[in-house]
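Engineer:
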Amino acid sequence: MNKMQENTRRFCSFFLTKWGKLWAAALVMALLGISYFWWMNFGPDAPQIFWERAMNRYQEAEARGGDWTKSWPLWEAAALALEKFLHKFPQHPHRLEAALNLANACYQIGDGLEKTEEKERSREYFQRMADNYERYLILANKTQPQTEADASDGRRAALLSLALAQRKLGHLGRAVELMEDAARQYPDTADGFTAWMDIGDLYRDWAKIGGQWTHVLGKAIWAYGTALEKMPENDHANRIRAYARRGDAQRQLYEFDSNQPFSKEDACIALKEAISEYEKAAEEARKIAPPAEAIHYPSYAREFCQTLVSLGDLYLIKGQKFDSRWAQLSESKKQIRDDNPFKESLIKSMESKWETSQSCAEKALALFEEILAQKEHLFSLALGETCLGKARAYFLLRDYSRALAAGEEAVAEGYLFPQDAEVRLYYILGDSAWECVQAGSGGEKKAMQYYRQALELDLNFPRLDNGYRSQIARSRLTEMEKAE
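First residue of the sequence shown: 388, per the numbering used here; consecutive thereafter.
1. Taking 8 angstroms as the limit between beta carbons, can you name the residues of its chain near Y573, skipping five residues before and five after?
2. Would you mind listing the alpha helix (DSSP H) stretches within the segment 778-855 that are 4+ residues and don't spill past its ends, in chain order?
3. Run the CB neighbour count on S767, radius 10 Å, all protein chains shown included, and call it buried at 16 or more, exposed below.
4. Can you tell which of E822, T694, E680 has the C-alpha that lies nearest to the C-alpha of A661?
5. CA-CA distance, S422 and I436?
6. Apply the 10 Å Cβ neighbour rule to R673 and answer buried if 16 or more other Cβ atoms are within range, or exposed otherwise.
7. Quick check on DSSP: helix, strand or coil for F766?
8. Using only CA atoms, which one of K735, L783, C692, W600 lies nearest to K708?
9. What's the C-alpha gap between T773 and A545?
10. Can you check whether the CB of R626 is closer than 7 angstroms to the CB of E671?
11. Any contact between the segment 805-813 and the segment 826-835? By contact I mean 3 or more CB pairs, one from each, below 8 angstroms.
12. Measure how close the beta-carbons of L703 and C747 come, nearest whole angstrom, since I'm counting them as under 8 angstroms.
13. How big is the Cα-Cα spacing for S739 and L716?
14. What is the DSSP secondary structure of T865, reduced to helix, strand or coil?
15. How far does the alpha helix (DSSP H) with Y573 in it reach, from first residue to last?
16. When you compare the CB positions of A636 and L604, do they come within less than 7 angstroms of one another, or not?
17. Kindly indicate which residue of L559, Y684, L483, A870 has the alpha-carbon position closest to the one of D592.
18. Going by C-alpha to C-alpha distance, which of G817, D845, A681 sits closest to H764?
19. In terms of alpha-carbon separation, which member of A594, T601, I675, F691 lies closest to S650?
20. Under 6 angstroms Cβ to Cβ from S509, same chain only, skipping five residues before and after it: list those, please.
21. Is the beta carbon of M516 less than 7 angstroms from the beta carbon of A466?
22. Pull up the CB-CB distance for A441 and L461, whole angstroms please, since I reckon it's below 8 angstroms.
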């Protein structure tokens, strides 16, 4: 007993020493830490603490907006926090909202990675996005919503977002199935008819991959038509987009059929339909033209002018086709004797082709002039496309000096050009200057300069018009160099 008392006395006296006090303090801190950890992770308030922590990180990431370099670590932190929350508390009342937010966080990360060309990592997050929307839909079917409207809105959004995830992953067939489900389940909502437009977009993407072009693009055209049938007549903004997209699908069909040996007639029909659809889009756009002083007029003008640029381009394609046909018939005419009974019908056909070609060029030119009247509202890229179109229209009208002036205006203003449009511009400038030389107006140096610039730019585009343009330019350039 005395020994036990002695040990107890020594143990107690240890806590009176310096090291004893430190050891006691450390022990108390450790016990408090364990208690705090238990309370935060397993206590009655743990679910709410985890939820608030996850939502704070999610909202912080949202607040960063479009600055990807600053927001992506926050999105990753939000995704991790939401994943932990769902793992630890799968029956929590906020589990549906958490699943939706987690899916959106994964989309934000995947979208950012895709823009920075990290395709493989982006696919990982798009897959997680799809998995979490699937999780949401499963949970939503098991959960009694506060109202039927809440359930409908959430499921519709999840279904459409799941389709987007499958599209990002390249699973276009699955994406179409999901979009069609959404369109049929919610036919009388804005999401219902825009889903049909998205279905059309998916089919057009599918067509770009290759195979069954006519069939797949036909489905795209049908989907846009279904969207138009379901849209209110006064929903002009969406009707403009639907007509334009249906016109784009018809143009894709035209481009495909043009390269097929036995589909030339189908190509002409598709081009005619594409023009018709864009004419309807332009008509719808004119119905909602706001006053020029309206605050939203610039955004309207940009979208409207893009519609006109596309329509003008289609007019020029048609005009150039008829111009080529006129040139072929002109050559044939030289081979036919005057007493040939078919010569008169050939001349009439030539006149018809020429009138159609000139009419299309005039229509395109009128559209481009209408666009340039609003140039203060437009971006450089749209202005570059417009000036190129204007130069092409004047060239088709055989007004070469004006074609040259329109192209030179685009160069002088420093407008931007999409893809291989810049090389086309310099070919038009070279061709226009060459025609001026042939007419005796001079300008050999200009023609040589523009052809050299076009050929330099065209080094990376041997596919441009199958090399036909570069072949003509080299031939003419060689001829002028010899004549110097």
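Glycine included, every Cβ here is placed at the ideal spot set by N, Cα and C. Keep in mind the model is a prediction, meaning the values are calculated, not measured.
Structural biologist: The relevant details are as follows:
1. S539, R543, G579, A582
2. 787-800, 808-825, 831-844
3. exposed
4. T694
5. In this predicted model, S422 has a pLDDT of only 45, less than 50, meaning its place in the structure is not dependable; the value taken from the coordinates is given anyway. Roughly 15 angstroms separates the two Cα atoms.
6. exposed
7. coil
8. L783
9. 40 angstroms
10. yes
11. no
12. 7 angstroms
13. 11 angstroms
14. helix
15. It is not in any alpha helix (DSSP H) - Y573 carries neither H nor E in the DSSP assignment.
16. yes
17. L559
18. A681
19. T601
20. G497, L500, E501
21. no
22. Incorrect: roughly 12 angstroms between the Cβ atoms, too far for contact.
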